[in-house]
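Shown next, in structure tokens, is the structure this report addresses.
2 protein chains.
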Amino acid sequence: MEGGGAYNRSSRVQAAGLLPAVALLEDAALKVRLTAGSAPLVIVDYGSSEGRNSLLPIGTAVSALRARAGPTRAISVVHTDLPDNDFAALFRTVESDPETYLRDGATFVSAIGRSFYQQLLPAESVTLGWSSWAVQWLSRLPAPIPDQVQVAFSKDAGTREAFARQAAEDWRAFLAARGREMCPGARLVVLTMAVDEARDFGYRPLLHAMYAGLEDLMAERFITADELHRMAIPTVGRSHDDLAAPFVNAGSFAGLSPSHLEVFQAEDRIFNRFEGDGDAQAFGASWAAFSRASVFPTLAAALGGGRSDARFDEFLQRLEAALASRLAAAPTHMSIPLAKLLLIKA
Amino acid sequence: MEGGGAYNRSSRVQAAGLLPAVALLEDAALKVRLTAGSAPLVIVDYGSSEGRNSLLPIGTAVSALRARAGPTRAISVVHTDLPDNDFAALFRTVESDPETYLRDGATFVSAIGRSFYQQLLPAESVTLGWSSWAVQWLSRLPAPIPDQVQVAFSKDAGTREAFARQAAEDWRAFLAARGREMCPGARLVVLTMAVDEARDFGYRPLLHAMYAGLEDLMAERFITADELHRMAIPTVGRSHDDLAAPFVNAGSFAGLSPSHLEVFQAEDRIFNRFEGDGDAQAFGASWAAFSRASVFPTLAAALGGGRSDARFDEFLQRLEAALASRLAAAPTHMSIPLAKLLLIKA
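For the protein sequence lines, the chains are A and B, in the order given. Positions -6 to 339 (my numbering) are the ones given, in order, by the first sequence. Positions -6 to 339 (my numbering) are the ones given, in order, by the second sequence.
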């Protein structure tokens, strides 16, 4: 993710896509088993980024739990992300945003800067879990991608297989860790990138324009062929069956059972707005800003000097401009396949 | 604090000063009342900075609690600091430092980026508290300091009075918030800057050299008189009686009673090393690096452009060089008055 609040500012695609999952989370908060006694109710936001897109779902969950548990029961909200996440932006957002959930005097915030592919919290301590636009990020890049930055558009069968194996392993690791952390009766809602019934990852014009933009930067000798070859986004779209696989044999995995699992198409708000106003430049700029905030820093990390490469900022700017211009030339609807799940701990 | 790991690298003064308080904390961990049941034991580190100086005390406390509570009882460590603290450095330190306390599979870390002058955690949820080199930072600058950057060396009685009032108010606010958060029987160890029986704040040659260095930067027209006037470090040294004041009437305050309260002199390791090796340059450089990491960013925030002022980095460098050179010219022992307290919740 790009830090400095960029992800907070340019994540409207994610914000639109998560709305159907917020309804699942609200329902989970209304039905989840509440532990007796006065111990805090713990809500965990797995993969929070800078927090802006967490305020609506977490606020909804806090309101539902608050109504059930009364005004004095403590609710602890824990946001997790990788150590290099911009936690300053997260804490400022939660402290100061008018939409914050932190206003009833009995709700508290904390953060954990560690990978969620391991156990992050004490066993049986979590009441309600939420993870949005996060588990599509693999724990590691399993292989270079020879002909694209997103494996879904690679023609290399071996690479696609390596990513599929890593995706299956990471999904089980994520579920196993959550299964340990969740209280009996706890609920977890997951929203993640998916592939549709035709195994289409979506975003096709965007990814093709991004790769073409990178090839332009190479032709202009701004980046080298080696650098382009190293660039890869370690994300995957999972199918309905990929997501269901751990549960197929026993009906549950790590104590978790899926109560809801659905692949759906998110609304493409950027194209909808273009259909309304015909502004092709704004169309291109919006998708380019989305891409910059969510994946350009990952690509730029493959520059020879890594994150301290002198070209880092210019790389972000030039690729954003190239992408905006290519997309503005031919605005089109983008397929955005997502999956939403509700998992219940026995 | 300076981010990017600078505080972690240049805080040996603080590391030496906290050793006597670590002994208090270990004793507190061995004696503190442990809640029955399986709920996590919560250790809070109030004002963690980037975490390096927390590893020894928190590791000591975790070991003591672990021995008493058994291998599977969850221990949650919570580090708090202001929102703009470098939490990435904190999480990397806790994850990767060879001295980390995070290695038994039942100990967990999280962080809170909010001011500790308010309640940060659920009521009666904290087992053991630790705060080192932190509560000397006031919640706000109560007044400009007309003739120094550190109020202890100001000759302006009104300014000194305004700081004293704020210091008393903040100390009560800190205690009141901790009193709410701590479990019955919980213990809190505090190490903070103090003044000795003669009300001497210490660091006299350092603060005089720092102010002279700033006056040089003004004479060289690198900073303006207005900027120098705005520069102030919002820290205070409290006396034994200042720290005892909230408890004097009733013997307790916010449910907390002092079981130990002592002002002492920390070892001046920088001067000791100079006495051993006679290296005046290293003497000056060490105190300058300490000052840069702990207070220069606070001074630099008073530049016309604030933290994004184009002179920010050069200001840190020039002031560090000026301070190092002045101190190297006349190495001398530095008085370092500190206070350590053990507070017990009824």
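C-beta atoms are modelled at their ideal positions from N, C-alpha and C, and glycine is treated no differently.
Enclosing alpha helix (DSSP H) for residue i [first to last residue]
i: PRO198 (chain B); result: 197 to 212
i: GLU255 (chain B); result: Where GLU255 (chain B) is concerned, there is no enclosing alpha helix (DSSP H), although the beta strand (DSSP E) it sits in stretches over 249 to 258.
i: SER56 (chain B); result: 48 to 62
i: THR86 (chain B); result: 80 to 89
i: PHE276 (chain A); result: 273 to 287
i: VAL15 (chain A); result: 12 to 24
i: SER318 (chain B); result: 305 to 321
i: ASP219 (chain B); result: 218 to 223
i: PHE267 (chain B); result: 262 to 270
Bridge partner(s) assigned by DSSP for residue i
i: MET175 (chain A); result: A:VAL119
i: TRP126 (chain B); result: DSSP output for TRP126 (chain B) lists no bridge partner at all.
i: ARG180 (chain B); result: B:LEU121 and B:ILE337
i: THR100 (chain B); result: B:ILE68
i: ALA187 (chain B); result: B:ARG231
i: ASP74 (chain A); result: A:GLY106
i: PHE246 (chain A); result: A:LEU249
Cβ-based neighbour list, residue i, same chain, cut-off 7 Å, excluding 5 preceding and 5 following
i: LYS148 (chain A); result: ASP140
i: ALA321 (chain B); result: ALA273, GLN274, PHE276 and GLY277
i: GLU(-5) (chain B); result: ARG285, ALA286, PHE289 and PRO290
i: LEU167 (chain B); result: Checking the sequence, you will find Phe at residue 167 (chain B) rather than Leu. Excluding positions up to five away in sequence, the list reads PHE109, TYR110 and VAL128.
i: PRO13 (chain B); result: PHE257 and LYS333
i: TYR204 (chain A); result: GLN141 and VAL142
i: ALA218 (chain A); result: MET211
i: LEU23 (chain A); result: ALA57
Start and end residues, beta strand (DSSP E) containing residue i
i: PRO330 (chain B); result: 330 to 338
i: LEU134 (chain A); result: LEU134 (chain A) -> no beta strand (DSSP E), and no H or E assigned at all.
i: ASP38 (chain B); result: 34 to 39
Own chain partners of residue i with C-beta closer than 8 Å, once the 5 adjacent residues on each side are dropped
i: GLU19 (chain B); result: THR53, ALA54 and ALA57
i: PRO137 (chain A); result: THR152, HIS222, ARG223 and ALA225
i: THR28 (chain A); result: LEU34, THR120 and CYS176
i: GLU208 (chain B); result: LEU221
i: THR93 (chain B); result: LEU48, GLY52, THR86 and VAL87
i: ALA150 (chain A); result: none
i: LEU114 (chain B); result: VAL35, VAL37, VAL71, ILE105 and GLU174
i: ARG133 (chain A); result: GLN159 and PRO227
i: ALA169 (chain B); result: PHE246 and ALA247
i: VAL264 (chain B); result: According to the sequence shown, residue 264 (chain B) is Phe rather than Val. PHE276, PRO324, THR325, HIS326 and MET327, listed in sequence order.
i: PRO198 (chain A); result: LEU320, ALA323, THR325 and MET327
Sequence-distant residues of the same chain with beta carbon closer than 6 Å to residue i, five excluded per side
i: GLN7 (chain A); result: ASN46 and TRP126
i: ASN242 (chain B); result: none
i: PHE194 (chain B); result: ALA145, VAL188 and GLY230
i: TRP123 (chain B); result: LEU18, ASP38, PRO50 and VAL182
i: LEU200 (chain B); result: GLN143 and PHE146
i: ALA281 (chain A); result: GLU313, LEU316 and ALA317
i: LEU11 (chain B); result: SER125 and LEU184
i: ILE337 (chain A); result: ARG180, SER250 and SER252
i: ILE216 (chain B); result: LEU210
i: THR65 (chain A); result: ALA99
Interface residues of chain C facing residue i [CB-CB closer than 7 Å]
i: ARG85 (chain B); result: Annotation note: the requested chain C is absent from the structure, which comprises protein chains A and B.
Quiz item: Which of the residues in the region 170 to 198 of chain B, read from start to end, lie with their CB under 7 Å from any CB of chain A?
Solution: Those would be none; no residue qualifies.
Practice problem: Return the residues of the region 23 to 45 of chain A that lie within a Cβ-Cβ distance of less than 7 Å from chain B, sorted by chain order. | Solution: Per Cβ criterion, the list reads ALA32 and PRO33.
Quiz prompt | Contact residues within the region 91 to 109 of chain A, judged by C-beta distance below 7 Å to chain B | solution = Under the 7 Å Cβ criterion, the region 91 to 109 of chain A contributes PHE101, VAL102, SER103, ALA104, ILE105, GLY106 and ARG107.
Quiz prompt | Interfacial residues, the region 293 to 306 of chain B to chain A, with Cβ spacing under 9 Å | solution = Hits within the stretch: zero.
Quiz item: Does the region 68 to 87 of chain A come close enough to the region 99 to 111 of chain B that 3 or more CB-CB pairs lie under 8 Å?
Solution: Counting Cβ pairs under 8 Å, three or more are found: they touch.
Quiz item: Okay, do the region 110 to 129 of chain B and the region 172 to 188 of chain B touch, 3+ Cβ pairs below 8 Å being the bar?
Solution: Verdict: yes, contact present.
Self-check item: Cβ contact check for the region 60 to 72 of chain B and the region 34 to 51 of chain B: 3 or more pairs under 8 Å
Solution: By the Cβ test, the region 60 to 72 of chain B is in contact with the region 34 to 51 of chain B, since at least three Cβ pairs between them sit closer than 8 Å.
Quiz item: Counting pairs of beta carbons, one from the region 300 to 309 of chain A and one from the region 244 to 251 of chain A, are three or more of them closer than 8 Å?
Solution: No, the region 300 to 309 of chain A does not touch the region 244 to 251 of chain A.
Quiz prompt | Selection of the region 110 to 130 of chain B by Cβ proximity to chain A, strictly under 9 Å | solution = Going along the region 110 to 130 of chain B in chain order, one finds GLN112, LEU113, LEU114, PRO115, ALA116, GLU117 and SER118 with a Cβ nearer than 9 Å to chain A.
Quiz prompt | Residues, ordered as in the chain, of the region 55 to 67 of chain B that lie near chain A by beta-carbon distance below 7 Å | solution = Those would be ALA67, in chain order.
Quiz item: Mind listing which residues of the region 139 to 166 of chain A have their C-beta closer than 8 Å to chain B's C-betas, in chain order?
Solution: So nothing in the stretch comes that close.
Quiz item: At a Cβ cut of 8 Å, what residues of the region 233 to 251 of chain A count as close to chain B, listed as they run along the chain?
Solution: Answer in chain order: no residues at all.
Quiz item: Got a sec: which bits of the region 68 to 81 of chain A sit with their beta carbon under 9 Å from any beta carbon on chain B, in order along the chain?
Solution: Close to chain B, meaning a Cβ-Cβ distance shorter than 9 Å, are the following residues of the region 68 to 81 of chain A: ILE68, SER69, VAL71, THR73, LEU75, PRO76, ASP77, ASN78, ASP79, PHE80 and ALA81.
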